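Under the working numbering, think of the first position of the sequence shown as 3, with each following residue one higher.
The beta carbon of each residue, even a glycine, is placed where N, CA and C say it ideally should be.
All of these numbers come straight from a predicted model, not from anything done at the bench.
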Amino acid sequence: MRPFPVAGIQMNVRYGQDNLPAMRHKLDVLMHRFPWV
């Protein structure tokens, strides 16, 4: 069995607001910091 990386993002989201730009930014930061994920 090969090991594989797993990453998660935890963030506050607000009801009634568009959270997608913040989620995309968090994902971009994660992929920059951990490119093997």
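- Take Lys28, set aside five residues on each side of it, and the residues of its chain with a beta-carbon closer than 7 Å to its own are Ile11, Met13, in chain order.
- For Val39, the closest C-alpha among the options Ala24, Ala9, Arg4, Met3 is that of Ala9.
- Spatial neighbours of Phe36 in its own chain (CB-CB distance under 8 Å, excluding positions within 5 residues in sequence) are listed in chain order as Pro7, Ala9.
- Here Met33 carries a helix assignment [DSSP, helix/strand/coil].
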